[in-house]
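Colleague: Below you'll find the structure I mean.
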Amino acid sequence: NQFEGAFEFGSDATIVTDLQEYYDDLKSYDNKKFRFEETREVYELLCSWFEEVMEKGYREIVVQVW
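Number 54 in this note's numbering belongs to position 52 of the sequence shown; there are no gaps in the numbering.
In structure tokens, the structure reads:
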């Protein structure tokens with residue numbers, strides 16, 4: 003939404019080490035209405051991705067947005 007940090011468009015790959023913080027931030031949008039249906043789909047995919055990597059015990063992920 004804000005295109006900052008790891009999700010800044012066109013930035014170099016970013017290593018995210020504070021997975022819980024990113025996930026908690028994502029979840030704060032859970033009850034929001036999105037203008038486009040695809041936005042909700044991407045949101046849900048991102049949430050499930052963060053849930054999966056945390057469940058598997060990963061401590062960091064690499065994110066790059068093109």
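Even glycine gets a Cβ: it sits at the ideal position worked out from N, Cα and C. All of these numbers come straight from a predicted model, not from anything done at the bench.
From what residue to what residue does the alpha helix (DSSP H) around residue 18 run?
Modeller: Premise fails: residue 18 lies in the beta strand (DSSP E), 16-18, not in any alpha helix (DSSP H).
Colleague: When you compare each of 16, 15, 29 and 21 to residue 56 by their alpha carbons, which one comes out closest?
Modeller: Answer by Cα proximity: 21.
Colleague: Based on the DSSP secondary-structure assignment, which residues constitute the bridge partners of residue 65?
Modeller: Answer is 16, bridged to residue 65.
Colleague: Can you round the beta-carbon distance between residue 17 and residue 67 to whole angstroms, since I take them to be within the 8 Å contact cut?
Modeller: Not a contact, Cβ separation roughly 14 Å.
Colleague: By the DSSP assignment, the alpha helix (DSSP H) with residue 50 in it spans what residues?
Modeller: Per DSSP, residue 50 belongs to the alpha helix (DSSP H) from 39-57.
Colleague: Helix, strand or coil for residue 29, going by three-state DSSP, please let me know.
Modeller: Residue state, collapsed to three classes: helix.
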